[in-house]
Amino acid sequence: MPSSTDYPHLSLLFVMMVLMIVLPSFEAFTGVVGHRRSVLRVLGDGDGSMDYALDLNSSTFDSVLKDSPTSFAIVEFFAHCSFNLDDEKFQNEDTLPWNASDPVQIARAIYDTEEATAQTFDIITDNKWITQETRAPLIMFLQLLAAHHPSKRCRKGTAEILVNFDDLWPLNTSNSSQGTSIMQTGDVTKVFPICGKEVPRGYWIFCRGSRNETRGYSCGLWILLHALSVRVGDGEAQQAFIATCDFIHNFFKCEECRRHFHEMCSSAPSPFRTARSYVLWLWSSHNKVNERLMAVEQEWRTGDSRYPKMLWPPPQICASCSTSTIKPKTGNTKLNWNEDEVYNFLKQHYSISSLSPPSNDETGKSSIKGMSVSDDAASSTHAVTVPVSAALAIALASCAFGALACFWRTQQKNRKQKN
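Residue numbers (my numbering): 1 to 419.
Okay, here's the thing in structure tokens:
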């Protein structure tokens, strides 16, 4: 894919054209505004700690750019300001070797990450959990999804929700304990389906248990979290860790599960300076959860005998990941993990190439039990779908439009207060 550096004169020309359109309108207000407005939205919980998110939403942005075919690229560009994806790492994804896992099962897993994402959004909206306290954690997690979700249609749907977030859940109506939306709960998920209109489907494929109450949602959510972890870069590992921990703490229904996960987050060797350390922490945390559930299921006989909880990955799919020794006093088996091998396995198992369904025909579609996944819908290709120069220029234009819209809204509020 050509980069902006391949055609510097075209990039400069495009930016100059956008500036010629935007700056005259912007300069008309400079005498009134008197200073430059930051496009960063301040996020805070009132205790003095601040975080920032790019202001993605404005009436001018919606009216001018919302219906543009490049609006998805604009929001992804903003999301990547928080979670940067180095596309060069995945430019040769189709040539990467397949792992030893069944490709058909891998293809099924992509469906379950979509199902988990859609069900999560349904749970959040149905329970009205979007409040003043939970807005910032949700926005941060949505930014993570918009930048790194393994499904392109989930990235696109998340971006659309981010664009309309302030209109859907205005800040002045989220001060109560019950978050409210300008739309009815069911309408939000219908108008803004986070992973497409056909999701959620109401069933699981890779994560289907032998009984309805086993596996399912928790399995799909874990696959999603692991897939996100292997996609982040070193510079965003800590932010992804915070986004994940805050998301589970605020939006997971199981209270005991939230408490255990919060304890693991609180004891984590933070800050994470490399993506590798975050990937391994999430893997280790998942195994701790499995160890705890193994004991509970054994005691209460609530486990799925067909899919018993185990420490993962087992030797059957990664022989080099661990070695076993027998404890002399108890006779129990102890696994000694080779973290380098585990990390390599996790990167391969949850990477884009592994989660992308294989092509079985000339149209590039893979059919699984009557369902087909197009490359555009499920495979995770380059995150930015327009040339970098165009995305930068459009982003610059949207920043200016956002500043104008903010000024206009401020003037309207001042007039109302005077009246």
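Backbone N, C-alpha and C define an ideal beta-carbon position, used for all residues, glycine too.
Backbone secondary structure at residue i - three-state DSSP
i: SER151; result: coil
i: ARG215; result: strand
i: ARG108; result: helix
i: ARG306; result: coil
i: GLN132; result: coil
i: ASN290; result: helix
i: GLN119; result: helix
i: TYR343; result: helix
i: THR274; result: coil
i: PHE192; result: coil
i: THR330; result: coil
i: LYS156; result: helix
i: GLY220; result: helix
i: LEU311; result: coil
i: CYS143; result: The amino acid at residue 143 is misidentified as Cys; the sequence shows Gln. DSSP places GLN143 in helix when its eight states are reduced to three.
i: GLU114; result: helix
i: GLN316; result: coil
i: ALA393; result: Note that ALA393 scores 43 on pLDDT, short of 50, meaning its location in the model is unreliable; the coordinates nonetheless yield the value given after this. Residue state, collapsed to three classes: helix.
i: SER351; result: coil
i: SER38; result: Caution applies to SER38, whose pLDDT of 44 falls short of 50 and renders its modelled position unreliable; the model cannot decide the point.
i: PRO137; result: helix
i: VAL279; result: helix
i: GLU198; result: coil
Residue burial classification, residue i (beta-carbon count within 10 angstroms, cutoff 16)
i: ILE248; result: buried
i: ALA319; result: exposed
i: PRO170; result: exposed
i: ALA275; result: buried
i: TRP300; result: exposed
i: ILE326; result: exposed
i: LEU221; result: buried
i: PRO200; result: buried
i: GLN119; result: buried
i: ASP126; result: exposed
i: VAL230; result: buried
i: GLY216; result: buried
i: ALA295; result: exposed
Bridge-paired residues (DSSP) for residue i
i: TRP337; result: SER322
i: ARG208; result: ARG215
Unbroken alpha helix (DSSP H) run spanning residue i, endpoints
i: GLN239; result: 237-251
i: LEU168; result: 165-168
i: CYS257; result: 255-266
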